[in-house]
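Participant: Quick one: the structure is below, questions incoming.
Chains as they are written, first to last, in the working numbering: chain A, 69 to 336; chain B, 69 to 336.
Now the structure itself:
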């Protein structure tokens, strides 16, 4: 997707500011954002036409652990309070264009698809609490193994809103038994990025048959650790897809919006 | 407003359940709800037509300290997840009917005014954290003096949403200097009922000229204590009034909706 003129990635992308990273993506660089601008919180993006925005806003209000809203833009505006000067249409590495609930295209620049009544939702990302887990010495398996965290569709329903309903999607991180309490304590301090786990232990309690076969992301080694499950922002995409919205624009998984807000701002 | 057939208040209303209290109000009893069903959280009510609900929902998302949403109903439904079997049109002691931003009537039963597209917002009430303050030995002056807490319009703007904008309204409680930290610590644990103070000390810092002349509620004795200011749910009513909404239905100040949810459920 990146063009011949795209800038080269910097030596250490972790040291960039949010604005520095966004400028590279705006210029055409396409990369996943894990580890980029390490001090800055990242966010999931989903933009929908104003006519569908009420249901999505209500859905988020009713399911705050799956869908913690960091910001919601004015209809038609690509600006956000989370990053001065940012343009949400261009400042992510890549976008998915959804029509009638299906991804029809992946693009580097969403401007041609951004209708004048689009409302953008920026949703908290677990990268923020993963940073805190690592700092406390709690291992994060999918980072160790260099893959995307495994996500599973559960048998637990969300609370529907208007046309939107569907099952809760969770992410899973295996945690050593003696560190489960610490993992709960740490993530509980970050309610804006999914907060404390929704389930600790037996996957069957969430209707998950096989941890080795996630619905999204990659399987990780569980070994003798306890599988710990957090509400996941992918819930929103799954629900929006199921409801076959006319148009939605989202980030590509792993290619997030980098804000100017430090991770610590979301710590309670 | 209560009719001749209205039931007598019970011996000790603090011991009622939420459902017990609601049944009395539904039958016509009109009283303020401070101290009623003491274990149950109470909520502010504001209902608006669906056409105005998006702006109000977005306003709440952008101003969560002033407008912490405990529940938002489906359009047209008088039911809430906070209280099984409750009917929001009848189960409060009294209602205000607003047209074009003005109170035109106070009624015991809002049913005749409840259009088929009304959306009700239930907003957290500081009664929940006041209970926690009292349990910790922090005095609550307006309860001691048997008056409504003083509220002030500040010079601090809220973050607007669509047609809605206006100044932040705060409530004030004088706290002894040695207990200010404890008051902050306790209320910070209740983000769904306004959370930690927005300002501690000099009222001029919020543009408040005279603590003795509140804009809403009653003045209380400050003495040598520190004035401590919390974001207040009246912000919403002030903003909705300023925007001259076609129709709104709210509780009458002090006559709240009593939920089935224990105060402790809102403690983080």
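Ideal Cβ positions, reconstructed from N, Cα and C, are used throughout, including at glycine.
Where do the N-terminal and C-terminal ends of the beta strand (DSSP E) with residue 189 of chain A fall, by residue?
Facilitator: 186-192 is the span of the beta strand (DSSP E), which, as asked, contains residue 189 of chain A.
Participant: Between the C-alpha atoms of residue 253 of chain A and residue 255 of chain B, what's the straight-line distance to the nearest angstrom?
Facilitator: Computed Cα separation, rounded: 19 angstroms.
Participant: Which one of B/288, B/90, B/190, B/233 has the shortest CA to CA distance from residue 141 of chain B?
Facilitator: It is B/190 whose Cα lies nearest to the Cα of residue 141 of chain B.
Participant: Count the other CB atoms within 10 Å of the CB of residue 277 of chain B; is the residue buried (16 or more) or exposed (fewer)?
Facilitator: Result: exposed.
Participant: Are the CB atoms of residue 258 of chain A and residue 237 of chain A nearer to each other than 8 angstroms?
Facilitator: Not a contact, by the Cβ cut-off of 8 angstroms.
Participant: Put residue 247 of chain A into one of helix, strand or coil per three-state DSSP.
Facilitator: If DSSP states are grouped into helix, strand and coil, residue 247 of chain A belongs with the helices.
Participant: Quick one: is residue 225 of chain A near chain B, going by C-beta distance under 8 angstroms?
Facilitator: Not an interface residue.
Participant: Would residue 332 of chain B pass as an interface residue toward chain A - the criterion being a Cβ-Cβ separation below 8 angstroms?
Facilitator: Judged by the 8 angstroms Cβ criterion, residue 332 of chain B is not in contact with chain A.
Participant: Could you list the residues in the segment 307-329 of chain B with a C-beta less than 7 angstroms from some C-beta on chain A, going in chain order?
Facilitator: Listed in sequence order: no entries.
Participant: If you reduce the DSSP assignment to three classes, tell me which class residue 99 of chain B lands in.
Facilitator: It is coil, neither helix nor strand.
Participant: Could you name the residues of the same chain whose beta carbon sits closer than 8 angstroms to that of residue 70 of chain B, not counting the 5 residues immediately before and after it, in chain order?
Facilitator: At residue 70 of chain B the pLDDT is 43, less than 50, meaning the model places this residue with poor confidence; the figure from the coordinates comes in the next sentence. Excluding sequence neighbours, residue 70 of chain B sits near 96, 97, 98, 176.
Participant: Ordered along the chain, which non-local residues of its own chain (more than five positions away) have a Cβ less than 6 angstroms from that of residue 121 of chain B?
Facilitator: If we look at residue 121 of chain B and ignore the five residues flanking it on each side, its Cβ neighbours are 187.
Participant: Residue 332 of chain B: which of B/113, B/321, B/194, B/315 sits nearest, CA to CA?
Facilitator: Here the closest residue by C-alpha is B/194.
Participant: Can you check DSSP and say which residues form a bridge with residue 108 of chain B?
Facilitator: BP columns for residue 108 of chain B point to B/330.
Participant: How far does the beta strand (DSSP E) with residue 172 of chain A in it extend, from its first residue to its last?
Facilitator: 170-175 is the span of the beta strand (DSSP E), which, as asked, contains residue 172 of chain A.
Participant: Could you tell me which residues DSSP puts in a beta bridge with residue 180 of chain B?
Facilitator: For residue 180 of chain B, which the question treats as bridged, DSSP gives no partner whatsoever.
Participant: When you compare only the Cα positions, how much space is there between residue 213 of chain A and residue 288 of chain A?
Facilitator: If you take the alpha carbons of residue 213 of chain A and residue 288 of chain A, they lie about 7 angstroms apart.
Participant: Buried or exposed: residue 79 of chain A, going by 16 or more other Cβ atoms within 10 Å of its Cβ?
Facilitator: Exposed, because fewer than 16 other Cβ atoms sit within 10 Å of the Cβ of residue 79 of chain A.
Participant: In three-state terms, what does DSSP make of residue 210 of chain B?
Facilitator: Residue state, collapsed to three classes: helix.
Participant: Taking the straight line between their C-alpha atoms, what separation do you get for residue 87 of chain B and residue 327 of chain B?
Facilitator: So the two alpha carbons sit approximately 8 angstroms from each other.
Participant: Is there a Cβ from chain A that is less than 8 angstroms from the Cβ of residue 80 of chain B?
Facilitator: Chain A contact via Cβ: absent.
Participant: Under 9 angstroms Cβ-Cβ, which residues of chain A neighbour residue 129 of chain B?
Facilitator: Within chain A, the residues near residue 129 of chain B are 125, 128, 129, 137, 139, 140.
Participant: Looking only at C-alpha atoms, which of A/305, A/304, A/199 sits nearest to residue 103 of chain A?
Facilitator: It is A/199 whose Cα lies nearest to the Cα of residue 103 of chain A.
Participant: In three-state DSSP terms, what is residue 258 of chain A?
Facilitator: Looking at residue 258 of chain A - three-state DSSP - the assignment turns out to be coil, as it is neither helix nor strand.
Participant: Residues of chain B with CB closer than 9 angstroms to the CB of residue 121 of chain A, please, in chain order.
Facilitator: The contacting residues are 122, 126.
Participant: To which residues does DSSP link residue 163 of chain B through a beta bridge?
Facilitator: In the DSSP output, where bridge partners are listed per residue, residue 163 of chain B has B/175, B/319.
Participant: Quick check: the segment 222-240 of chain A against the segment 306-317 of chain A, are there 3 or more CB pairs under 8 angstroms?
Facilitator: A contact exists between the segment 222-240 of chain A and the segment 306-317 of chain A.
Participant: Using only alpha-carbon positions, find the residue among A/135, A/115, A/172, A/147 that is nearest to residue 182 of chain A.
Facilitator: Closest option to residue 182 of chain A, Cα to Cα, is A/115.
Participant: In three-state terms, what does DSSP make of residue 117 of chain B?
Facilitator: Three-state result, residue 117 of chain B: strand.
Participant: Within its chain, find whatever has a CB closer than 8 angstroms to the CB of residue 100 of chain A; leave out the 5 residues flanking it on each side and keep chain order.
Facilitator: Closer than 8 angstroms at Cβ, skipping near neighbours: 161, 322, 323.
Participant: Kindly give me the distance between the Cβ atoms of residue 294 of chain B and residue 242 of chain B, rounded to whole angstroms, as I take these residues to be in contact under 8 angstroms.
Facilitator: Indeed they touch by this definition, with Cβ atoms about 7 angstroms apart.
Participant: Can you check which of these residues, A/184, A/77, A/316, is closest to residue 166 of chain A by C-alpha distance?
Facilitator: Closest option to residue 166 of chain A, Cα to Cα, is A/316.
Participant: Does the separation of the CB atoms of residue 138 of chain B and residue 192 of chain B fall below 8 angstroms?
Facilitator: Yes, they are a contact pair.
Participant: Using CA atoms only, rank isn't needed, just tell me which of B/168, B/270, B/208 is closest to residue 250 of chain B.
Facilitator: Of the candidates B/168, B/270, B/208, the one whose C-alpha sits nearest the C-alpha of residue 250 of chain B is B/208.
Participant: Note down the Cα distance separating residue 84 of chain A from residue 152 of chain B, rounded to an integer number of angstroms.
Facilitator: In a straight line, the C-alpha of residue 84 of chain A is about 51 angstroms away from that of residue 152 of chain B.
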